[in-house]
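Trainee: Start counting the sequence shown at 0; every next residue gets the next number (numbering that gives the first Met the number 0).
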Amino acid sequence: MLKHAYDDFFHYLLIERGLADNTLSSYKRDLSNYQRYISETVHVTDWNAVGRKDILGFLYKLKDEGKSAATLARTTSSIRLFHQFLVRESLVDHDASLHIETPRKERRLPNVLSLQEVDALLELKLDSPLAIRNKAMIELLYATGLRVSELISLKMSDLHLMMGFVRCVGKGSKERIVPIGDAAAAALQQYLEEVRGKLVKNSAEENALFVNHHGRAMSRQGFWKILNQIALQANINKKITPHMLRHSFATHLLENGADLRAVQEMLGHADIATTQIYTHVTKARLKDVYKAFHPRA
C-alpha cells in the first residue's frame, strides 16, 4: 500500500495541481527518502500505521545527517502535503503530520554582483555568433530578473521587442509580463537578426528563443557552463550562478529607488516578504560604503 498511495499522490500533483517538473522532482526526492525510511527503518507497510513519532524520527535523522534548515523545512512541507492527501482520499483515518512544525529557514542574504562585475560580464567581445547569443542571454537575464528555468523556457512568441516586454511563466504556472531595457532589446535584436537563424537551420521548427550550437533549446547546464566561462574571461574571482543575476537585478533596482511592489511583480514573488530580503541587502551594502568612505567610520 505504501507505493500505491505514493504513486497516486504524484498523479494528483501532476494532473490536478499541474506542478512544474522541477517542483515535482523536489517532492519526489523528499518523499522517496521518507517512504524508504518508513518501509525499511520503521518496518510499516500501511500508511495508516504511521504516527507522529515516525515522522519526527525521519526529520531528526535528516538533521543528524547535517541537512540545512531550508531542506528540513521543504521536506516537512512535502510530508504534510502528502499526509493531507492521504486523509482527503480516505486512505488513512488520521493526519500523522498534524502539529509538526516546519523548522525556520535561515535567512541568508543573497549574493549579488556589483555594478562593475555586471558591466564586466556584459563587455563581451562579439567576435562569434555564439558570443552574440551569450550576450543576449545575459543582458536579458539581468534586465528582467528571470529565473534561469524561465529564461531557457522562453518561446519566440513570448518576446515582444516592439512593445518592450517579455512574457514568462514562472512557479505555479503563473504568467507575468516583464519590461525589457534598451540594452537588452538591442542585444536580442542583433541575436535574432544575425545568429538564431543560422543556429536553427537544420531544425527550423524549433521555437525556443535561445538555442545551442545544435539548434536545440538551451539547457540549464549549458547556460550555467557559458556563464562561468564568461566570468573567468571577465576576471571575476568568485563563483557565479545564474540566480546571482536575478538577485543583482532586484538589489540594483531597489538601490536606485524602485518601488518594492513593482520589484515583487517583476520577480513573480507570491509574497512580498520574499522580496523584502533585498531591502536587507541594500542596507548591508550601504553600511559597507559608509565604512569604506566615511573619514571617521
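Backbone N, C-alpha and C fix where the C-beta goes; we use that ideal spot for every residue, glycine too.
Quick one: give me the first and last residue of the alpha helix (DSSP H) that residue 131 is part of.
Mentor: For residue 131, the enclosing alpha helix (DSSP H) begins and ends at 128-143.
Trainee: Determine, using beta-carbon pairs with one atom in the region 136-148 and one in the region 237-256, whether at least three such pairs fall under 8 Å.
Mentor: yes
Trainee: Where does residue 178 sit, in a helix, a strand or coil, going by DSSP?
Mentor: strand
Trainee: Which runs of the beta strand (DSSP E) at least 3 residues long sit entirely within the region 238-289? Give them in chain order.
Mentor: none
Trainee: Considering residue 81, what are the terminal residues of the beta strand (DSSP E) in which it resides?
Mentor: Per DSSP, residue 81 belongs to no beta strand (DSSP E); it is in the alpha helix (DSSP H), 68-87.
Trainee: Helix, strand or coil: how does DSSP classify residue 111 here?
Mentor: coil
Trainee: Just to check my reading of the structure: residue 206 and residue 161 have Cβ atoms closer than 8 Å, yes? What is that Cβ distance to the nearest angstrom?
Mentor: Going by Cβ atoms, the distance from residue 206 to residue 161 rounds to 19 Å, so no, they are not a contact pair.
Trainee: Is residue 4 helix, strand or coil when you go by DSSP?
Mentor: Three-state result, residue 4: helix.
Trainee: How would you call residue 69, buried or exposed, if buried means at least 16 neighbouring beta carbons within 10 angstroms?
Mentor: Under this definition residue 69 is an exposed residue.
Trainee: Return the CA-CA distance between residue 18 and residue 8, expressed in angstroms with no decimal places.
Mentor: 12 Å
Trainee: Count the other C-beta atoms from every protein chain shown that fall within 10 angstroms of the C-beta of residue 97, then say buried if there are 16 or more, exposed otherwise.
Mentor: Exposed, because fewer than 16 other Cβ atoms sit within 10 Å of the Cβ of residue 97.
Trainee: Can residue 133 and residue 121 be called in contact, C-beta distance under 8 Å?
Mentor: no
Trainee: Rounded to whole angstroms, what's the CA-CA distance from residue 212 to residue 229? Just pull it up for me.
Mentor: 17 Å
Trainee: Three Cβ pairs or more, each shorter than 8 Å: is that satisfied between the region 260-271 and the region 170-181?
Mentor: Proximity of the region 260-271 to the region 170-181 meets the contact definition, three or more beta-carbon pairs being nearer than 8 Å.
Trainee: So residue 57 and residue 26 are supposed to be a Cβ contact under 8 Å. How far apart are they, rounded?
Mentor: The Cβ separation is near 15 Å, so there is no contact.
Trainee: Alpha carbon to alpha carbon, what distance is there between residue 209 and residue 136?
Mentor: Whole-angstrom Cα-Cα distance: 8 Å.
Trainee: How big is the Cα-Cα spacing for residue 290 and residue 143?
Mentor: Taking the CA atoms as reference points, residue 290 sits about 31 Å from residue 143.
Trainee: Which one of 214, 65, 186 and 220 has the shortest CA to CA distance from residue 316?
Mentor: Residue numbering for the chain in the displayed model covers 0 to 296; residue 316 lies beyond these limits and cannot be assessed.
Trainee: Going by the beta-carbon positions, is the gap between residue 215 and residue 202 smaller than 8 Å?
Mentor: yes
Trainee: Excluding the 5 residues preceding and the 5 following residue 271 in the sequence, name in chain order all residues of the same chain whose CB lies nearer than 6 Å to its CB.
Mentor: Residues of the same chain with a CB within less than 6 Å of the CB of residue 271, apart from the 5 flanking positions on each side, are 263 in chain order.
Trainee: Report the option in 151, 193 and 251 whose CA atom is closest to the CA atom of residue 223.
Mentor: Residue 223 has its Cα closest to that of 151, out of 151, 193 and 251.
Trainee: For the alpha helix (DSSP H) that contains residue 297, what are its first and last residues?
Mentor: No answer is possible for residue 297: it lies beyond the span of the chain, which begins at 0 and ends at 296.
Trainee: I need the DSSP call for residue 158, collapsed to helix, strand or coil.
Mentor: strand
Trainee: Applying the criterion that 16 or more other CB atoms from any shown protein chain within 10 Å of the CB defines a buried residue, is residue 297 buried or exposed?
Mentor: Since the first residue of the chain shown is 0 and the last is 296, residue 297 is not available in this structure.
Trainee: In three-state DSSP terms, what is residue 43?
Mentor: coil
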